[in-house]
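Residue numbers (our numbering): 675 to 1176. Beta carbons are placed, not taken as given, at the ideal position from N, Cα and C, and that holds for glycine. Computed from a predicted structure; not experimentally measured. Here's the structure, in structure tokens; my notes come after.
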Ligand SMILES: Cc1cc2nc3c(=O)[nH]c(=O)nc-3n(C[C@H](O)[C@H](O)[C@H](O)COP(=O)(O)OP(=O)(O)OC[C@H]3O[C@@H](n4cnc5c(N)ncnc54)[C@H](O)[C@@H]3O)c2cc1C
């Protein structure tokens, strides 16, 4: 039984599959012998949610394969026997992408935990999908290299999950998101076919199917190997802490830095509530009298850093920065970041619950959007703390609420939906880096027309015509593939739009 605090319609469980549980467990145990299959209902509880903990559902069974061949056999068997599959990496998704289904096999990829090869000549690492994001850097840092995309969850999240969500992080402003740092994948399709897309080179023949896979949220195939770009670590990194008495000035400063042709390694913003929470939590030395704080990191050769620091400081002064500090040592640089890195748990310490939103807007719209967020906060009677990737325009408003107070969670959810609608309205998008999953699934029509969604589903059907791979995620309605081919869309409306077609 799906236990959700929020209203969410998931595909109806297939009674026939539920009745065949013992047979399914036995078939999986034959493919992955030993301790690779978990069917004890108590142990299954450990898998019942991901980072979006408001949604919980124990899976039918968990299987933990170790080889690509096992993954292929599992998918082939499930395909032939009409059993759904939900892929899972480390389970840190904030959009419910790895939420299990009652009648689906949860395919845990945690045993795929080997760094297969580091090829310094080609500046790539070939890794299995269960390797954590941070472990890639740890594997190459001895030779002065690193893997650039750095989600805050990097200590735990897997590279397979990063590929599925096209994850980002502080340093993606300069070095690109996951999609810009993945060169190849090995992928198992629902049919059990094993395909390779891309490789060690910068380009490959044919359509850019790799670009389709990165960000596909486990709906198109199961990634069993990833080739990532590794970069030489910058010679120097310095951080600036810029305080502003006015949020609008801080927002203008972000745009002005980029407009001056400077791409910092990272440019993050925190508002007053977040600054105070972080300062109380880790004593980072943040100024408490300001309304907004920018942390700007500049990296490269020492002389270039010095030059850029001067340029950014001049821009900050023009934008009326009221405090300005430049890190003079690595220790100080890390201290500047300490508050930002601890900001989410810090906000967690000032409120029983918070709901982390993720939408992206054009940088220019930032002052307008932040002002509207304050109005919405007053309207809903819920506080909001902003901690976000300002350089990318990727907002993370944290809506503070108390799930124990009747109606607060629903209000937080409505507030969140309004924020995402606002992002779309100003020319932005529904998600920056956390994915659509179940969280934003029903908001997809805010951004895409019925025709857009039908086109996107055509792509899904090309990879997985059975619709058995991670159903209930990303698409507000999922039409049978055969039906989709014949479907007539009239004036942008699909027939029977209210009909759930999972
Ligand atoms: C405290 C915290 C901070 C976070 N900070 C950031 C951040 O800064 N930036 C950011 O982008 N995200 C962030 N996240 C979100 C999350 O960590 C990322 O989305 C991450 O990429 C998920 O990886 P995972 O291994 O946990 O994947 P899971 O949560 O297990 O799965 C995520 C999705 O990927 C699919 N999937 C997983 N593995 C595979 C595979 N091998 N093949 C096909 N599909 C697969 C799943 O089906 C699911 O749809 C944060 C989360 C937390 C809890």
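Check whether the Cβ of residue i sits closer than 7 angstroms to any heavy atom of ligand 3, and report yes or no.
{"i": "residue 896", "result": "Annotation note on ligand 3: not contained in the displayed structure, which lists ligand 1 as its ligands."}
Would you tell me roughly how many angstroms separate the C-alpha atoms of residue i and residue j, rounded to the nearest one?
{"i": "residue 794", "j": "residue 822", "result": "15 angstroms"}
{"i": "residue 831", "j": "residue 811", "result": "13 angstroms"}
{"i": "residue 770", "j": "residue 977", "result": "45 angstroms"}
{"i": "residue 792", "j": "residue 996", "result": "46 angstroms"}
{"i": "residue 856", "j": "residue 887", "result": "11 angstroms"}
{"i": "residue 820", "j": "residue 906", "result": "6 angstroms"}
{"i": "residue 849", "j": "residue 884", "result": "18 angstroms"}
{"i": "residue 689", "j": "residue 777", "result": "8 angstroms"}
{"i": "residue 1176", "j": "residue 954", "result": "Note that residue 1176 scores a pLDDT of 41, beneath 50, so its modelled location is shaky; the value from the coordinates is reported in the next line. So the alpha carbons of these two residues sit roughly 47 angstroms apart."}
{"i": "residue 1052", "j": "residue 917", "result": "24 angstroms"}
{"i": "residue 1095", "j": "residue 1143", "result": "28 angstroms"}
{"i": "residue 946", "j": "residue 922", "result": "13 angstroms"}
{"i": "residue 703", "j": "residue 753", "result": "17 angstroms"}
{"i": "residue 892", "j": "residue 761", "result": "6 angstroms"}
{"i": "residue 949", "j": "residue 920", "result": "14 angstroms"}
{"i": "residue 678", "j": "residue 730", "result": "Reliability of the predicted coordinates at residue 678 is poor, the pLDDT of 46 falling under 50, and no value is obtained from them."}
{"i": "residue 1074", "j": "residue 1102", "result": "23 angstroms"}
For a test of the three-state rule: what should DSSP assign to residue i, helix, strand or coil?
{"i": "residue 1071", "result": "strand"}
{"i": "residue 679", "result": "The predicted model places residue 679 with a pLDDT of 48, which falls under 50 and marks its position as unreliable; any figure quoted below should be read in that light. Three-state DSSP puts residue 679 in coil, outside helix and strand."}
{"i": "residue 993", "result": "coil"}
{"i": "residue 1174", "result": "Residue confidence for residue 1174 is low, a pLDDT of 48 falling below 50, so the modelled location carries little weight and cannot support an answer."}
{"i": "residue 1153", "result": "coil"}
{"i": "residue 823", "result": "coil"}
{"i": "residue 805", "result": "coil"}
{"i": "residue 1060", "result": "strand"}
{"i": "residue 759", "result": "strand"}
{"i": "residue 1107", "result": "coil"}
{"i": "residue 685", "result": "coil"}
{"i": "residue 941", "result": "strand"}
{"i": "residue 793", "result": "strand"}
{"i": "residue 974", "result": "strand"}
{"i": "residue 712", "result": "strand"}
{"i": "residue 960", "result": "coil"}
{"i": "residue 832", "result": "strand"}
{"i": "residue 1054", "result": "helix"}
{"i": "residue 1090", "result": "helix"}
{"i": "residue 691", "result": "helix"}
{"i": "residue 955", "result": "helix"}
{"i": "residue 860", "result": "strand"}
Could you check if residue i belongs to the surroundings of ligand 1, using beta carbon to heavy atom distance under 7 angstroms?
{"i": "residue 763", "result": "yes"}
{"i": "residue 760", "result": "yes"}
{"i": "residue 836", "result": "yes"}
{"i": "residue 732", "result": "no"}
{"i": "residue 1108", "result": "yes"}
{"i": "residue 974", "result": "no"}
{"i": "residue 843", "result": "yes"}
{"i": "residue 1025", "result": "no"}
{"i": "residue 860", "result": "no"}
{"i": "residue 891", "result": "yes"}
{"i": "residue 865", "result": "no"}
{"i": "residue 766", "result": "yes"}
{"i": "residue 1144", "result": "yes"}
With a cut-off of 8 angstroms, does the C-beta of residue i fall near any C-beta of chain B?
{"i": "residue 1073", "result": "Among the chains of the structure shown, chain B does not appear; only one protein chain is present."}
Q) Do the stretch 898-907 and the stretch 958-968 meet, that is, are 3 or more Cβ pairs less than 8 angstroms apart? A) Too few Cβ pairs lie closer than 8 angstroms, so no.
Q: Take every Cβ of the stretch 1077-1094, pair it with every Cβ of the stretch 1027-1038, and state whether three or more of those distances are shorter than 8 angstroms.
A: Judged by Cβ distances under 8 angstroms, the stretch 1077-1094 makes contact with the stretch 1027-1038, as three or more pairs qualify.
Q. Counting Cβ pairs, one atom from each stretch, are 3 or more of them under 8 angstroms apart for the stretch 758-767 and the stretch 711-728?
A. With contact defined as three or more Cβ pairs closer than 8 angstroms, the stretch 758-767 and the stretch 711-728 are in contact.
Q. Given 8 angstroms as the limit, is there contact between the stretch 1064-1073 and the stretch 1120-1136, that is, 3 or more CB pairs closer than that?
A. These segments do not touch.
Q: Could you tell me whether the stretch 1138-1154 touches the stretch 706-714, where touching means 3 or more Cβ pairs closer than 8 angstroms?
A: The answer is no - the stretch 706-714 does not touch the stretch 1138-1154, with fewer than three Cβ pairs under 8 angstroms.
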